[in-house]
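Trainee: Just so you know, we're using my numbering here: the sequence shown kicks off at 821 and counts up by one.
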Amino acid sequence: MSEDLQSLIEEWDGLGVVASHHRETGSWIFIALHDATLGRPTGGCRLRSYRSPAAGLRDAMRLAEGMTYKWAAMDFRYGGGKSVLAVPGPLEGSSRRSLFTRLGHVMNALNGGYGVGEDLGTTPEDMAFLATVTPYVAGVRDGEPVPDPGPFTAAGVHAGIAAAVAHLDCSPGLDGVSVLVQGVGDVGRPLAKLLGDSGAKVMASDIDAGRARAVARECGGTTVDRREVYETPCDVYAPCAVGATVNARTVRTLRCRIVAGSANNQLEVPEDAERLRRRGILYAPDYVVNGGGAMAFGLMERGIRDPGRLAERVRSIGRSLAEIFDEAESDGSSPVAAARKRALRALRQPAPPPPATGK
């Protein structure tokens, strides 16, 4: 695909893109709106450096499309949207606040056409500040701190891993199951803790070797050098950092039975799903297994704040994946194909009218 802004927009099937250049920091703001069939486009804000502005826009588009199918697979009444802050380098203090102020002003100009939450590179503190500029930050309520979606996402991935193991082994439980968690940050760290508490053998890997060692100590696990992840034998490979780690090169070397993690866009190209299936590796579609954070914030928007109820709903991701695995096995297809069929069924249903707001 051509790496220039015009070609990317011409080739995309989404609703549209909002772009803004923040002169003070040299950053680009991209808001990609993919689909509004089920409701307002909603998705997290990612902050990172890219090799070019076009690469940042491309990421926003891919992530927004993923949000369309994530919401649809959960049958939540939101559409697919995502924002990317393509920054030239680390931003702190007033420069960072200035960039989020601009993002808030752009969102206000959309008048509720996009709802935002935390994503890779952004923090609850960023969202709390953004909420002082725009009212369209998901999960925010006056007088309360902004929740961290990481633990909710981790809980959903944990339930998904359990469902995948149960599908292959016909028995519940993770005792003795080896799980290699690649990326032990905001999601990978609580996921490793949940896995360790479930009796799994945790292997932690991270670009920050010290962080990997610390997490391994916390959950009684071991570490794996980041350069040896794809050749390391394990039951489950859990990618919890950047996307596109499952590709034609790595699929040939993976030594696992299951791929299930929190990273977005884990497959470099759609054909990688079939490559995994041919190798006999069960894949939990990323936009299903990593939906816990989005689900929790969607429920908070509905007024559900009780931690027990939120946890119960998030863990329903395991049941959804069990159904997807069964359907894929029955059809002789990949779980990605089965998950897409499930999402398309939801997208074909007209969205119900909004609830009455009369006094």
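Positions of the beta carbon are idealized from the N, C-alpha and C atoms, including for glycine.
For the beta strand (DSSP E) that contains residue 1070, what are its first and last residues?
Mentor: Note, residue 1070: premise wrong, no beta strand (DSSP E); alpha helix (DSSP H) at 1068–1071.
Trainee: With C-beta atoms as the reference, is residue 1083 less than 8 angstroms away from residue 1063?
Mentor: Yes.
Trainee: Tell me, please, whether the region 874–881 touches the region 909–925 by the rule of three or more beta-carbon pairs shorter than 8 angstroms.
Mentor: no
Trainee: Based on the DSSP secondary-structure assignment, which residues constitute the bridge partners of residue 1059?
Mentor: 1002
Trainee: For the beta strand (DSSP E) containing residue 837, name the first residue and the last one.
Mentor: DSSP places residue 837 inside the beta strand (DSSP E), whose first and last residues are 836–842.
Trainee: I need the DSSP call for residue 906, collapsed to helix, strand or coil.
Mentor: strand
Trainee: Specify, as a first and last residue, the run of the beta strand (DSSP E) that residue 847 falls within.
Mentor: Unbroken beta strand (DSSP E) run through residue 847: 847–855.
Trainee: Where does residue 1178 land, buried or exposed, given buried means 16+ other C-beta within 10 angstroms?
Mentor: Residue confidence is low: residue 1178 scores 39 on pLDDT, short of 50, so the model does not pin down where it sits. Its coordinate-derived value is still stated next. Exposed is the call here.
Trainee: Could you check the C-alpha separation between residue 822 and residue 903 for me, to the nearest Å?
Mentor: Confidence at residue 822 is low in this model, with a pLDDT of 45, below 50, so the placement of that residue should be treated as unreliable; the coordinate-derived value is given next. Rounded to the nearest angstrom, the two C-alpha atoms are 21 angstroms apart.
Trainee: Considering only residues of the same chain and omitting the five flanking positions on each side of residue 857, which have a CB-CB separation below 6 angstroms?
Mentor: 1167
Trainee: Flag this pair as touching only if the region 939–954 and the region 981–997 have three or more C-beta atom pairs under 8 angstroms; answer yes or no.
Mentor: no
Trainee: In terms of residue numbering, what span does the alpha helix (DSSP H) encompassing residue 873 cover?
Mentor: Where residue 873 is concerned, the enclosing alpha helix (DSSP H) stretches over 873–894.
Trainee: I want to know whether the region 1010–1023 touches the region 992–999 - three or more CB-CB distances under 8 angstroms.
Mentor: Segments in contact, yes.
Trainee: Is residue 867 helix, strand or coil by DSSP?
Mentor: strand
Trainee: Using a 10 Å radius around the Cβ and a threshold of 16 neighbouring Cβ atoms, would you call residue 1089 buried or exposed?
Mentor: Residue environment analysis places residue 1089 among the exposed positions, since fewer than 16 neighbouring C-beta atoms fall within 10 angstroms of its C-beta.
Trainee: Tell me whether residue 824 is buried or exposed, calling it buried when 16 or more other Cβ atoms sit within 10 Å of its Cβ.
Mentor: Classification of residue 824: exposed, given that the 10 Å Cβ count is below 16.
Trainee: Assign residue 1060 to one of two classes, buried (16 or more other C-beta atoms within 10 Å of its C-beta) or exposed (fewer than that).
Mentor: By the Cβ neighbour-count rule, residue 1060 is buried, with 16 or more other Cβ atoms within 10 Å of its own.
Trainee: DSSP beta-bridge partners for residue 1016?
Mentor: Residue 1016 pairs with nothing; no bridge assigned.
Trainee: Assuming the contact rule is C-beta atoms closer than 8 angstroms, residue 1077 and residue 1055 should be a hit. Round their C-beta distance to whole Å, please.
Mentor: 5 angstroms
Trainee: Just verifying my parser: in three-state terms, what is the DSSP assignment at residue 1109?
Mentor: helix
Trainee: DSSP has residue 1078 in a bridge; who is on the other side?
Mentor: 1056, 1102
Trainee: So, at 6 angstroms on beta carbons, what are the nonlocal neighbours of residue 1144 in its own chain, with the 5 sequence-adjacent residues on each side left out?
Mentor: Hits under 6 angstroms: 1155, 1158, 1159.
Trainee: Please name the residue in 1017, 1101, 1006, 1037 whose C-alpha comes closest to that of residue 1053.
Mentor: 1101
Trainee: Which partner residues of residue 1023 appear in the DSSP bridge assignment?
Mentor: Looking at the DSSP output, residue 1023 shares a beta bridge with 1000, 1042.
Trainee: I want to know whether the region 1034–1047 touches the region 964–973 - three or more CB-CB distances under 8 angstroms.
Mentor: no
Trainee: Classify residue 828 as helix, strand or coil using the three-state DSSP reduction.
Mentor: DSSP places residue 828 in helix when its eight states are reduced to three.
Trainee: From the DSSP output, which residues share a beta bridge with residue 1087?
Mentor: 1066
Trainee: So is residue 1132 buried or exposed if we call it buried at 16+ other beta carbons inside 10 Å?
Mentor: exposed
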